[in-house]
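Taken in order, these protein sequences are the chains called F and A.
Residue numbers are given in our numbering: position 102 of the first sequence equals residue 828, and the series is strictly consecutive.
Residue numbers are given in our numbering: position 66 of the second sequence equals residue 792, and the series is strictly consecutive.
Cβ atoms here follow ideal geometry from the backbone N, Cα and C, with glycine treated the same way.
What follows is a set of notes on a single structure, which appears directly below.
There are 2 protein chains.
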Amino acid sequence: MERDYPELKLENQLCFPLYAAAKEIVKKYRPYLDEINLTYTQYIAMMVLWEEKSLSVKALGEKLFLDSGTLTPLLKSMEQKGFVTRHRSEADERVLIVSITPEGEALRKKAADVPAKMQSCVRLTKEEAVQLYSLLYKVINDVG
Amino acid sequence: MERDYPELKLENQLCFPLYAAAKEIVKKYRPYLDEINLTYTQYIAMMVLWEEKSLSVKALGEKLFLDSGTLTPLLKSMEQKGFVTRHRSEADERVLIVSITPEGEALRKKAADVPAKMQSCVRLTKEEAVQLYSLLYKVINDVG
DNA sequence: TTAGAAAAAATTGAGTTCAATTAAATTATA
DNA sequence: TATAATTTAATTGAACTCAATTTTTTCTAA
Numbered sequence: 727m728e729r730d731y732p733e734l735k736l737e738n739q740l741c742f743p744l745y746a747a748a749k750e751i752v753k754k755y756r757p758y759l760d761e762i763n764l765t766y767t768q769y770i771a772m773m774v775l776w777e778e779k780s781l782s783v784k785a786l787g788e789k790l791f792l793d794s795g796t797l798t799p800l801l802k803s804m805e806q807k808g809f810v811t812r813h814r815s816e817a818d819e820r821v822l823i824v825s826i827t828p829e830g831e832a833l834r835k836k837a838a839d840v841p842a843k844m845q846s847c848v849r850l851t852k853e854e855a856v857q858l859y860s861l862l863y864k865v866i867n868d869v870g
Numbered sequence: 727m728e729r730d731y732p733e734l735k736l737e738n739q740l741c742f743p744l745y746a747a748a749k750e751i752v753k754k755y756r757p758y759l760d761e762i763n764l765t766y767t768q769y770i771a772m773m774v775l776w777e778e779k780s781l782s783v784k785a786l787g788e789k790l791f792l793d794s795g796t797l798t799p800l801l802k803s804m805e806q807k808g809f810v811t812r813h814r815s816e817a818d819e820r821v822l823i824v825s826i827t828p829e830g831e832a833l834r835k836k837a838a839d840v841p842a843k844m845q846s847c848v849r850l851t852k853e854e855a856v857q858l859y860s861l862l863y864k865v866i867n868d869v870g
């Protein structure tokens with residue numbers, strides 16, 4: 727008896743457009759981020775650092791949903807580029823503190839027009855964007 | 727003069743929850759897919775193959791938004807596992823045809839309960855899921 | 001106080017992703 | 001027809017991601 731399995735059709739998945747949209751959007755960032763010598767993952771790490779100035783790898787990982795397996799090489803590369811420094815906490819030697827450098831701060835100005843350039847790529851109305859944002863955070867917070 | 731740069735705050739980005747949600751969802755699949763010896767990318771490739779039975783690498787790539795750099799090693803691995811075969815088209819030797827095997831077909835039955843298991847992880851209402859689906863495809867189709 | 005548990009990063013290995021290039025086959029054109 | 005352009009996969013290299021393990025440090029409890 728041949729079954730149809732509609733639940734296994736690609737077009738009936740919610741995960742697939744999520745996966746595909748994320749990938750395509752990140753790809754869109756590339757030319758803009760190339761100009762400021764950042765990858766997408768480095769870019770979101772810099773967003774945290776522009777706000778926080780200094781925090782532990784663990785704290786950064788919680789904000790970005792990334793672990794040390796991803797962050798250790800990422801932060802070493804960003805240190806090489808001069809955007810951050812890495813040093814152990816004196817209070818607790820297990821903790822590695824990542825801090826923004828003046829070069830990292832300076833990058834903020836150059837990055838300031840990236841969000842606007844990206845917004846023009848994603849042609850959603852303001853309402854749609856707000857709705858999408860809200861649904862995505864619902865997914866993130868629910869998937870516990 | 728110190729600026730605030732709200733447009734560069736992580737919580738004001740649309741791309742970040744998209745990136746994070748996609749990552750978290752794919753991670754959620756892992757235990758279920760481990761049981762049927764597939765990775766997430768292999769799983770979506772199988773979804774296409776369960777429908778199409780046979781198609782070119784190019785056609786598969788267009789459906790999945792993936793190129794040969796990703797698909798070539800992926801399909802070799804799936805061939806190793808016995809789920810697909812790979813052979814050149816006789817009409818056009820440039821084209822590599824991927825075809826599902828009986829083992830690949832048999833996997834469909836085992837995969838049939840994966841979508842239901844995942845749906846219980848993502849606690850959106852039916853209406854929210856429909857809305858999210860629609861917005862995501864809008865993003866995918868717009869990002870040209 | 002000291003052994004054991006817990007916490008934080010780093011490391012390792014498998015797999016994914018993409019840009020750029022290469023190789024082979026096919027199609028188009030001069 | 002012969003050459004050039006195009007198409008399709010494969011390859012290469014850089015980067016990301018995560019699970020699992022290891023190392024170091026700190027905390028806890030006997």
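Along the beta strand (DSSP E) that carries residue i, what are the first and last residues, could you check?
i, result
"F/A794", "Residue identity differs from the one stated: residue 794 of chain F is Ser in this sequence, not Ala. F/S794 -> not in any beta strand (DSSP E); alpha helix (DSSP H) instead, spanning S794 to Q806."
"A/V810", "V810 to R814"
Give the C-beta separation of residue i and residue j to the nearest angstrom, bearing in mind that I take them to be a contact with Cβ-Cβ under 8 Å.
i, j, result
"A/C741", "F/M844", "7 Å"
"F/A748", "A/L744", "5 Å"
"F/L736", "F/Q768", "Not really, about 32 Å apart at Cβ, beyond 8 Å."
"A/I866", "F/V865", "Contact flag wrong, Cβ pair sits at about 17 Å."
"F/S794", "F/V810", "Wrong, their Cβ atoms sit about 15 Å apart, outside the cutoff."
"A/D868", "F/V848", "6 Å"
"F/V783", "F/L797", "5 Å"
Against chain F, with Cβ distances strictly below 7 Å, would residue i count as a contact?
i, result
"A/F742", "yes"
"A/L862", "yes"
"A/P828", "no"
"A/V783", "no"
"A/P841", "yes"
"A/A855", "yes"
"A/Y903", "Any property of residue 903 of chain A remains undetermined from this structure, which presents chain A solely from 727 to 870."
"A/A838", "yes"
Name the chain A residues that come within less than 9 Å of residue i, Cβ to Cβ?
i, result
"F/K735", "M773, W776 and E777"
So, does the CB of residue i fall closer than 7 Å to a CB anywhere in chain A?
i, result
"F/E805", "no"
"F/I770", "yes"
"F/D730", "no"
"F/L764", "no"
Strictly below 7 Å CB to CB, what residues from chain F border residue i?
i, result
"A/F791", "A746, K749 and E750"
"A/R820", "Ordered by position in chain F, no residue passes the 7 Å Cβ test against A/R820, which lies about 25 Å from the chain."
I want to verify the contact list: residues of chain A whose CB lies under 8 Å from the CB of residue i, in sequence order.
i, result
"F/K852", "Those do not exist, as F/K852 stays about 11 Å from chain A at its closest Cβ, beyond 8 Å."
Name the chain A residues that come within less than 7 Å of residue i, Cβ to Cβ?
i, result
"F/D868", "V848 and R849"
"F/K754", "V869"
"F/L797", "Result: empty, since nearest Cβ-Cβ is about 14 Å, beyond 7 Å."
"F/R834", "Y731 and L734"
Starting from residue i, trace the alpha helix (DSSP H) in both directions and tell me its first and last residue.
i, result
"A/R834", "P828 to A837"
"A/D868", "K852 to D868"
"F/P732", "That residue, F/P732, is in no alpha helix (DSSP H); it is neither H nor E in DSSP."
Taking residue i as the query, report the chain F residues whose CB atoms sit under 9 Å from its CB, ordered along the chain.
i, result
"A/L858", "L740, P743, L744, Q857, L858, L861, L862, K864 and V865"
Going along the chain, which unbroken runs of the beta strand (DSSP E) with 3 or more residues stay wholly within the region 737-803 of chain F?
780-782
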